[in-house]
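Novice:
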Amino acid sequence: MFTTMFQLIRNLILLGLLELTVGDETVTCFYSKECVLPCQSSYHDVIHWHNGPWIAHSFYNGADQLAHQNASYKGRTALFTDQISTGNISLILRGVRIEDSGKYKCYSSISSHSNEAFVNVNVKAPIQSVDIKFTDKTITCSTNKIYPKQTISWNIDGSPKEENSEDNQHLFSLTSSLPIQPDQKNLSYICYFRSGDGQVTYRASLMQDKTEINSGETATIRCPDSQGETGHFNLILTFDDSSEVLSYNGQTSLPINKKWKDADVKLTPEGKITLHNLDSAKHAGIYTCERKTAQSRQIMRTSVQFNSDVNIIAIIVGIVCVAVLVIITAVICIKYKVCKGGKGPEVAEMEGLNN
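Just so you know, numbering that gives the first Met the number 0 puts 347 at position 348 of the sequence shown, and the rest follows in order with no gaps.
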């Protein structure tokens, strides 16, 4: 019985009396990028792509037919026209928007047969970068132009203040500010961005350090370590948030040696940065080492201070004090002739009168 029914359905399909429907596919498209909605069919005289009630693209009579295309898709769709004859009727969607999400129907037909396939499109705008910084009494973590909306959490207990907004393109901006005490600025702060299911999608960290050296000595700048990430990463060292000292893109061979403001800078294969022949007039300040991957941004800020000037001042003060003492001692010796048993001027005068 089942065999007979299967044969009947097959014959009806072959005769074009039943419409052939293919199971759904799911595609993730990224905001502002190009995305391909896959569809294959042997029937390609007439092709229609729909998103709900709206026509995204039509093709028949051997050419695109866009008179009834929804205005939101104007100039953003295309087919692989050179591959239609081989069955590829996939839709190219350019400049993807958040509202492009939905269930698309790929309809194709010839005179006696038709085919339908469905593609579920999810649009995402992943985090591109996160700004993490200290303000007056808080540490702030923020990002913008993301979709869907996410949440922010911290590795430090506290009561963060959160702000979020949505722009006219349905993209979200998120900010979380965590109150801190002045003596807590040397801790390592990490903020986590989490999707609706609780998965961490991005992490950002900030830590501060301090080192004191003498003029002409070598300073070692700490850079963030890998936190288990794999794949490509970038490393950049900046001075006082403006001047780039060194950069590494994960593909450059190590070690890296370069000159910067008359100092010798070296990045070792172990990821350690050393600065040689430093001078307090040129090189005192804040060095920021940033390690960035597709899912993280880690920042280490190191304050390099020189104690050589303090030592020199102390030495000069010491020399001046010794010189003053020597001068005072010499004056006393001359005046009173105490040094080496000499006579004072009063004694010499009395002896002259007696003679």
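A virtual CB, placed ideally from N, CA and C, is assigned to each residue, including glycine. Since the structure is predicted, the reported quantities are computational estimates derived from the model, not experimental observations.
1. Where does histidine 112 sit, in a helix, a strand or coil, going by DSSP?
2. Within 10 angstroms of its Cβ, does arginine 93 collect 16 or more other Cβ (buried), or is it exposed?
3. Would you identify the three-state DSSP class for proline 178, choosing helix, strand or coil?
4. In its own chain, which residues sit with a C-beta less than 8 Å from the C-beta of arginine 193, not counting the 5 before and 5 after it?
5. Counting Cβ pairs closer than 8 Å, one from the segment 268-280 and one from the segment 210-226, do we hit at least three?
6. Name the residue from Ser241, Asp240, Cys222 whose alpha carbon lies nearest to the alpha carbon of leucine 234.
7. Measuring CB atoms only, is the segment 96-107 touching the segment 168-187, in the sense that at least three cross pairs come out at less than 8 Å?
8. State the Cα-Cα distance for the pair glutamate 24 and proline 178, rounded to the nearest angstrom.
9. So, using beta-carbon positions, are proline 268 and leucine 245 closer together than 7 Å?
10. If you pair each beta-carbon of the segment 201-208 with each one of the segment 296-305, do three or more pairs fall below 8 Å?
11. Provide the residue(s) that pair with leucine 382 in DSSP beta bridges, ordered along the chain.
12. Quick check: aspartate 239 and isoleucine 285, are their CB atoms within less than 7 Å of each other?
13. By DSSP's criteria, phenylalanine 238 is part of a beta bridge. Which residues make up the other side?
14. Threonine 20: buried (16+ other C-beta within 10 angstroms of its C-beta) or exposed?
15. What residue does the beta strand (DSSP E) around phenylalanine 133 start on, and which one ends it?
16. Give me the Cβ distance between tyrosine 42 and serine 108, rounded to the nearest whole Å; I'm assuming they're in contact under 8 Å.
17. Does the Cβ-Cβ distance between lysine 104 and histidine 49 come in under 7 Å?
18. Starting from the N-terminal side, write out each stretch of the beta strand (DSSP E) that is 3 residues or longer and does not extend beyond the segment 144-228.
19. Does the Cβ of isoleucine 326 have 16 or more other Cβ atoms within 10 Å, making it buried, or fewer, making it exposed?
20. Can you give me the C-alpha to C-alpha distance between arginine 161 and glycine 86, rounded to a whole angstrom?
21. Expressed to the nearest angstrom, what Euclidean distance is found between the alpha-carbon atoms of arginine 290 and histidine 47?
22. From what residue to what residue does the beta strand (DSSP E) around valine 303 run?
23. Cutting at 6 Å between CB atoms, please list the residues of its own chain near asparagine 154, excluding the five before and the five after it.
24. Just to check my reading of the structure: threonine 139 and serine 176 have Cβ atoms closer than 8 Å, yes? What is that Cβ distance to the nearest angstrom?
25. Is the CB-CB distance between valine 45 and valine 120 below 7 Å?
26. Taking just the CA atoms, how far does alanine 124 sit from tyrosine 356?
27. What's the gap between the Cα of isoleucine 185 and the Cα of serine 302?
28. Pick from Ser57, Thr251, Asn256: whose alpha carbon is nearest that of threonine 273?
29. Going by the DSSP bridge assignment, what does aspartate 63 pair with across the sheet?
30. Using a Cβ-Cβ cut-off of 7 Å, state whether proline 147 counts as contacting chain E.
31. Along the chain, where does the beta strand (DSSP E) that runs through threonine 273 open and close?
Specialist: This is what the structure holds:
1. Assignment of histidine 112 by DSSP, reduced to helix, strand and coil, places it in the coil class.
2. Arginine 93 comes out exposed.
3. Correct three-state label for proline 178: strand.
4. Apart from sequence neighbours up to five positions away, the residues of its chain that approach arginine 193 with a beta-carbon distance below 8 Å are Gln149, Thr150, Ile151, Ser152, Val199, Thr200, ordered along the chain.
5. In short, these stretches touch, since the Cβ pair count reaches three.
6. For leucine 234, the closest alpha carbon among the candidates Ser241, Asp240, Cys222 is that of Cys222.
7. Yes: at least three Cβ pairs fall under 8 Å.
8. Going from the Cα of glutamate 24 to the Cα of proline 178 covers about 46 Å.
9. No, these two residues do not count as a Cβ contact at 7 Å.
10. Touching, yes.
11. Outside the shown range of the chain (0 to 354) lies residue 382, about which nothing can therefore be said.
12. Yes, the Cβ-Cβ distance between aspartate 239 and isoleucine 285 is below 7 Å.
13. Looking at the DSSP assignment, phenylalanine 238 forms a beta bridge with Ser242, Tyr286.
14. With a pLDDT of only 48 at threonine 20, under the threshold of 50, the placement of this residue in the model should not be trusted, and no figure is reported.
15. That run of the beta strand (DSSP E) goes 130-133.
16. Yes, tyrosine 42 and serine 108 are in contact; Cβ-Cβ is about 5 Å, under 8 Å.
17. Yes; because the gap between Cβ atoms is below 7 Å, this pair is in contact.
18. Listed in chain order, they are 150-153, 160-165, 171-178, 188-193, 199-212, 218-220.
19. Flag for isoleucine 326 reads exposed.
20. This sequence places glutamate at residue 161; arginine is not what is there. One Cα belongs to glutamate 161, the other to glycine 86, and the distance between them is close to 51 Å.
21. Cα to Cα, arginine 290 sits roughly 47 Å from histidine 47.
22. For valine 303, the enclosing beta strand (DSSP E) covers residues 295-305.
23. These residues qualify, in order along the chain: Ile189.
24. That pair is a contact at about 5 Å.
25. Against a cut-off of 7 Å, the Cβ pair of valine 120 and valine 45 comes out as no contact.
26. Look at the range of the chain in this structure, 0 to 354, and you will see that residue 356 is not part of it.
27. Note that residue 185 is asparagine in the sequence shown here, rather than isoleucine. About 12 Å.
28. Checked all of Ser57, Thr251, Asn256; the closest Cα to threonine 273 is Asn256.
29. Answer is Phe58, bridged to aspartate 63.
30. No chain E appears in the structure shown, which is made up of a single protein chain.
31. In the DSSP assignment, threonine 273 falls within the unbroken beta strand (DSSP E) covering 272-275.
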